[in-house]
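Student:
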Amino acid sequence: MIIPRPLGNIFKDYGDHKLKLPKLKHLLLGQPAESCSTNDFATYSWPKRAESACYDDWRRILEACMKTLETLVLEQRPAADHIEGDGYSEDTWMDERVWSHAGEILLEMVQTVISYETSRLPLKWVYLYGIVSVLEEDDPPFLDLPAGKFMQFLKNRGVECETRRGRWCFFDRQTGSVDWCPWNAAFEDEEEEDEEDLDGDKDEDAEPKAKWDTVLAKVTSE
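Under the numbering used here, the first residue of the sequence shown carries the number 129, and numbering increases by one thereafter.
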């Protein structure tokens, strides 16, 4: 199943001219991503040519701003088709269907761009959203996952990094529409608390519900 994808070849009119972003300090790069599917017929994937075109553009953006960039956010939203997603809530999908290897090529590209710079960069913080599942923290070992290797690389470069839960990308392949999901787990928590207070059944021992920005792993600069 082909998932929605970001635009590629957006700098086609530039030709071979070098892109310049001399003042950019904060950058977010986001895209839908492959989900881990239990059904072979519902495998979510990108056309490889579209993926390559997207990352070529992102590489040019990064190369144009590495001398000034301080904060980088990389966000992937695991794709859920509206039919396949029936019966799933967003938090269940994010627990069970995030596929860490969906971000492998992206992280390798970013690591390559950073590695080209021999002098110390102004980059201080990197945030990863939707790239690691809660269920993958220990099996396999986190440092064996693409995100774990990337975070260790950043730590060695003196850059702090956090990987966070993230959101899904809910889409309807019949109509081609995408809901970029303005999900607010914090607001949902408040609603549940109000209902529990009315019922008088608040569970004091219940674990707090994960939010979209829940931190799953973190490394600090040395």
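Glycine included, every Cβ here is placed at the ideal spot set by N, Cα and C.
In three-state DSSP terms, what is A345?
Tutor: Here residue 345 refers to the residue found at position 217 of the sequence shown. Strand.
Student: Run through DSSP, which three-state label would A161 get?
Tutor: Taking the sequence shown and counting its residues from 1, one reaches residue 161 at position 33. If DSSP states are grouped into helix, strand and coil, A161 belongs with the strands.
Student: Report yes or no: do the segment 335-347 and the segment 281-301 share at least 3 C-beta pairs separated by less than 8 Å?
Tutor: The segment 335-347, when compared against the segment 281-301, does touch it at the 8 Å Cβ threshold.
Student: Counting pairs of Cβ atoms below 8 Å between the segment 188-198 and the segment 145-154, do you hit three or more?
Tutor: Because the criterion of three Cβ pairs below 8 Å is met, the segment 188-198 and the segment 145-154 touch.
Student: What does the Cβ neighbour count give for P160, buried or exposed, with the cut at 16 atoms within 10 Å?
Tutor: As a first step, residue 160 is located in the sequence shown; it is residue number 32 there, counting from the start. Flag for P160 reads buried.
Student: Could you check what DSSP says for Y244 in three-state terms: helix, strand or coil?
Tutor: Along the sequence shown, read from residue 1 onward, the residue named residue 244 stands at position 116. Y244 falls in the helix class under three-state DSSP.
Student: From the DSSP output, read off the bridge partner residues of Y257.
Tutor: Translated into positions along the sequence shown, residue 257 becomes position 129. E203, R292, per the DSSP bridge assignment.
Student: I need the straight-line Cα distance from R248 to F278, nearest angstrom please.
Tutor: As a working note, residue 248 is residue 120 in the sequence shown. As a working note, residue 278 is residue 150 in the sequence shown. Their backbone Cα atoms lie some 18 Å apart in a straight line.
Student: Which stretch, first to last residue, makes up the beta strand (DSSP E) that contains D184?
Tutor: Here residue 184 is taken as the residue at index 56 of the sequence shown, counted from 1. Counting along the chain, D184 falls outside any beta strand (DSSP E), though it belongs to the alpha helix (DSSP H) covering 176-193.
Student: Compare the Cα-Cα distances from L200 to each of G136, E245, L156 and report the closest residue.
Tutor: In the sequence shown, the residue the question calls residue 200 occupies position 72. L200 has its Cα closest to that of L156, out of G136, E245, L156.
Student: Have a look at V254 and Q239 and give me their C-alpha separation to the nearest angstrom.
Tutor: The residue given as residue 254 occupies position 126 in the sequence shown. The residue given as residue 239 occupies position 111 in the sequence shown. Distance between the alpha carbons of V254 and Q239: 12 Å.
Student: Less than 8 Å separating the beta-carbons of S228 and V260?
Tutor: In the sequence shown, residue 228 corresponds to position 100, counting from 1. In the sequence shown, residue 260 corresponds to position 132, counting from 1. Against a cut-off of 8 Å, the Cβ pair of V260 and S228 comes out as a contact.
Student: Which residues does DSSP list as the beta-bridge partners of A208?
Tutor: In the sequence shown, residue 208 corresponds to position 80, counting from 1. In DSSP, A208 forms a bridge with F298.
Student: Within the same chain, show all residues whose beta-carbon is closer than 7 Å to that of P150, passing over the 5 residues directly before and after it, in chain order.
Tutor: On the sequence shown, residue 150 is found 22 positions in, with the first residue counted as 1. Here the set comprises T196.
Student: Is the Cβ-Cβ distance between K153 and E198 less than 8 Å?
Tutor: Here residue 153 corresponds to residue number 25 of the sequence shown, with the count starting at 1. Here residue 198 corresponds to residue number 70 of the sequence shown, with the count starting at 1. Yes, they are a contact pair.
Student: Alpha carbon to alpha carbon, what distance is there between E236 and R225?
Tutor: By 1-based counting over the sequence shown, the position of residue 225 is 97. By 1-based counting over the sequence shown, the position of residue 236 is 108. Taking the straight line joining both Cα atoms gives about 22 Å.
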